[in-house]
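Protein chains in written order, with this note's numbering: chain A, 72 to 384; chain X, 72 to 384.
2 protein chains.
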Amino acid sequence: MSETKKNPRLRDVIMIGAGPSALAAAVYTTREDIDTLLLEKGVIGGLAAITDIIDNYPGFSEGVSGLDLAQELQQQAERFGAEIELAEVKEIVDEGELKLVKTDGGDLRAKAVLIATGSDYKKLGIPGEMEYYGRGVHYCATCDGAFYRDKRLIVVGGGNSAAQEALFLTRFASKIDMLIRSDKMRASEVLQHRLHKEPKIKLHFNTTTDEILAEDGNVVAVKGTDKTKNEAVRIDTDGVFVFVGQKPTTEFLKSSGIELDEIGFIKTDEKLMTSMEGVFASGDVRSGATMQIASAVGEGATAALRIREYLED
Amino acid sequence: MSETKKNPRLRDVIMIGAGPSALAAAVYTTREDIDTLLLEKGVIGGLAAITDIIDNYPGFSEGVSGLDLAQELQQQAERFGAEIELAEVKEIVDEGELKLVKTDGGDLRAKAVLIATGSDYKKLGIPGEMEYYGRGVHYCATCDGAFYRDKRLIVVGGGNSAAQEALFLTRFASKIDMLIRSDKMRASEVLQHRLHKEPKIKLHFNTTTDEILAEDGNVVAVKGTDKTKNEAVRIDTDGVFVFVGQKPTTEFLKSSGIELDEIGFIKTDEKLMTSMEGVFASGDVRSGATMQIASAVGEGATAALRIREYLED
């Protein structure tokens with residue numbers, strides 16, 4: 072498929088995003104001599120690259136730093152010939168055999184497209200949150216809960232995922248304070264019932280989360296406001312888990328007609344193809360994603376093989 | 072869920088197999104304090120452990136030896152508390168909330184089961200095949216094709232997968248001799264047409280593959296028999312790819328009622344659950360598997376999260 076290499080504006084595959092899923096896919100496509108361009112608007116390596124220590128990516132028995140893993144993935148993809156460009160994709164247009172990929176650096180075309188733009192956890196936007204991201208402030212209990220055995224935790228949020236994850240975190244934490252902005256929870260009755268029964272969990276309704284406080288580089292407390300009394304509260308903790316929603320990076324697909332689920336994640340079939348023929352999706356941006364690097368990488372490899380089949384047909 | 076730890080015969084999860092998919096799943100379950108036992112009848116690390124160099128497992132930019140990757144996976148799972156026992160599973164019986172797992176070492180029970188027994192490539196059973204497994208004799212073009220740039224190859228087989236993989240290998244190899252036992256191919260007409268048009272490929276019908284010859288540890292030729300003339304043939308080559316079918320390790324499921332596809336791979340739903348409630352499957356044994364370590368590992372992680380949800384319900 073190297074005939075497309077002569078034209079830098081026409082590629083076999085364009086991958087949107089350069090996180091673990093796209094990089095894994097690129098290892099596979101480039102190793103099979105499929106001309107592959109990755110377009111990244113932010114950080115190569117995605118969320119993984121800005122994660123302190125990753126303990127659960129299979130193959131690193133003692134864990135690996137997010138930055139190291141991201142660099143390994145990038146080097147591996149580039150070793151086989153993947154090209155990575157910094158560009159923001161604005162739109163994908165179905166032209167039949169080719170897909171038009173409009174970017175802030177001009178128009179590109181490809182025979183197949185992989186969307187692996189990931190998703191991001193919604194942030195509180197409060198002081199201390201970004202400073203201690205991954206080092207005291209977390210968004211994924213499966214990823215980071217195990218670092219808090221016999222420690223105190225604060226969970227922020229009142230929806231189903233906050234409730235589920237708080238219950239899950241009781242396996243590790245000795246005590247969990249749950250800060251809920253409203254006077255009631257959005258979580259299901261069943262989950263609320265379980266929360267009330269769980270002795271490790273204390274619910275704080277009508278309480279905003281205003282600031283994350285640290286000492287010597289370690290998170291030590293959260294400052295909030297009790298809205299019923301309109302007074303400041305300070306709750307000591309060893310870590311904060313924020314579960315206020317997720318936001319897939321799919322804004323740019325609005326005009327494409329590619330089918331999304333109600334939250335905005337991309338729907339795919341069993342071959343990881345989207346509703347637009349020849350356009351695939353993998354990793355955290357996909358509806359049903361587990362938000363785990365291992366799963367994103369695995370889906371990247373699978374998507375690459377499905378793309379190869381698609382290109383051969 | 073540690074209450075089950077007191078009874079070594081009753082576990083939260085039993086995983087059947089200890090290849091990359093089960094080991095990845097075990098990293099996740101044990102890290103979440105789900106009591107996990109892996110039962111392996113053969114080699115810990117599965118097919119990966121007996122693969123020489125793995126170039127396409129994402130995260131190792133320069134490749135990793137199969138043995139090293141298998142050991143890392145095992146250590147990582149054991150670090151979080153996974154237990155691995157050598158035992159052969161004979162049967163799974165649905166007892167409702169518990170699953171009875173009959174082994175050659177006695178009966179065990181678990182709340183959930185993950186089947187990750189993998190599959191194996193069918194072998195020719197000829198001299199030289201096992202001696203040069205992974206070092207001149209291969210069963211996966213996606214895995215090992217790239218090692219044969221501008222080299223000569225022999226492909227054994229006459230079905231769809233042999234035809235597809237031979238065509239794929241023309242990206243790398245300078246010349247491919249294809250040995251087909253019968254006087255015609257089982258591959259589709261379309262594929263046969265493409266094989267005939269491909270100048271790099273030469274088809275040898277009515278030709279058996281009898282022995283793989285090596286010199287100084289390197290594969291140099293294949294000895295076969297031209298059945299029409301009933302005379303021995305010798306074809307020089309740098310490597311041999313065998314595509315004569317695959318065999319999932321699912322014999323032990325025959326009496327379980329777990330639904331298999333026509334070849335014997337396990338059917339699963341979008342949560343990787345089999346037709347038996349509480350019994351999941353991941354990796355190469357699953358219907359639709361890509362036979363890639365990355366995908367098997369990713370599915371292992373996904374299965375672990377689905378098992379956690381199942382156990383919590």
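Glycine included, each C-beta is placed from N, C-alpha and C at the ideal position.
From a predicted model like this one, the values you see are computed outputs, not experimental measurements.
With 16 other Cβ atoms within 10 Å as the buried cut-off, status of residue i
i	result
M201/X	exposed
I378/A	buried
S353/X	buried
I283/X	buried
A303/A	exposed
N127/X	buried
P129/A	buried
K182/X	buried
R80/A	exposed
R305/X	exposed
E143/X	buried
D340/X	exposed
R82/X	buried
G349/X	buried
Q146/A	exposed
H388/A	With chain A running from 72 to 384 in the structure shown, residue 388/A is simply not present.
P198/A	exposed
S245/A	exposed
L299/X	Here the sequence assigns Thr to residue 299/X, which means Leu is not the residue at that position. The residue in question, T299/X, is exposed, as its Cβ has fewer than 16 Cβ neighbours within 10 Å.
G196/A	exposed
Strand pairing of residue i, partner residues [DSSP]
i	result
H275/X	L250/X
N289/A	E286/A
G177/A	T174/A
E154/X	L108/X
M344/A	F351/A
P319/X	S190/X
L331/A	I337/A
K161/X	According to DSSP, K161/X bridges with nothing at all.
K294/X	E282/X, R305/X
I225/A	D248/A, V311/A
E380/A	None, per the DSSP bridge assignment.
L118/X	Looking at the DSSP assignment, L118/X forms no beta bridge with any residue, so it has no partner.
Beta-carbon contacts of residue i that lie in its chain and below 6 Å, excluding the five residues immediately before and after
i	result
R102/X	F151
K342/X	R377
G335/A	P319, T321
Y99/X	A372, A375
F314/X	G228, S232, A233, E236
A89/X	L109, E111, I115, I155
Own chain, CB closer than 7 Å to residue i, minus 5 neighbours either side, in chain order
i	result
Q235/X	L262
S73/A	Any reading at S73/A must be qualified, since the residue scores a pLDDT of 46, below 50, and its modelled position is unreliable; no value is offered.
A237/A	V226, I247, M249, L266, I272
R206/A	D123
T75/A	For T75/A, the predicted structure reports a pLDDT of 48, less than 50, and the residue's modelled location is therefore unreliable. The matter cannot be settled from this model.
L382/X	M72, D83, I105, K182, A183
C211/A	M362
R223/A	A244, S245, K246, D307, T308, D309
Beta-carbon contacts of residue i that lie in its chain and below 8 Å, excluding the five residues immediately before and after
i	result
A365/X	N127, Y128, P129
T149/X	According to the sequence displayed, residue 149/X carries Glu and not Thr. I155.
D384/A	none
E133/A	none
S253/A	G229, F276, N277
R242/A	G216
Check: residue i C-beta below 8 Å from any heavy atom of the ligand SAH
i	result
G134/A	Although the ligand SAH was asked about, the structure shown includes no ligands whatsoever.
*Could you run through the segment 88–116 of chain X and flag, in chain order, every residue whose CB is less than 8 Å away from some CB of chain A?*
P91, L94, A95, V98, Y99, R102, E103, D104
*Using a Cβ-Cβ cut-off of less than 7 Å, give me the residues of the segment 129–148 of chain A that come near chain X, in sequence order.*
P129, G130, F131, S132, L140, E143, L144, Q146, Q147
_Residues of the segment 336–363 of chain A with Cβ closer than 8 Å to any Cβ of chain X, in chain order_ = E341, G359, T361, Q363
*Could you run through the segment 175–202 of chain A and flag, in chain order, every residue whose CB is less than 8 Å away from some CB of chain X?*
none
_Under 8 Å, with one C-beta from each stretch per pair, do the segment 150–164 of chain A and the segment 155–165 of chain X reach the 3-pair mark?_
no
*Is the number of C-beta pairs between the segment 351–369 of chain X and the segment 319–326 of chain X that are closer than 8 Å three or more?*
yes
_Beta carbons nearer than 8 Å to chain X: which residues of the segment 363–375 of chain A have them?_
Q363, A365, S366, A367, V368, G369, E370, G371, A372, T373
*At a Cβ cut of 7 Å, what residues of the segment 231–264 of chain A count as close to chain X, listed as they run along the chain?*
R242
*Using a Cβ cut-off of 8 Å, which residues of the segment 147–163 of chain X contact any Cβ in chain A, in chain order?*
Q147, R150, F151
_Contact list for the segment 213–230 of chain X against chain A, Cβ threshold 8 Å_ = T213, G216, A217
*Can at least three beta-carbon pairs, one atom from the segment 285–293 of chain A and one from the segment 163–174 of chain A, be found at a separation below 8 Å?*
no
*Listed in chain order, which residues of the segment 291–306 of chain X have Cβ atoms closer than 9 Å to some Cβ of chain A?*
none
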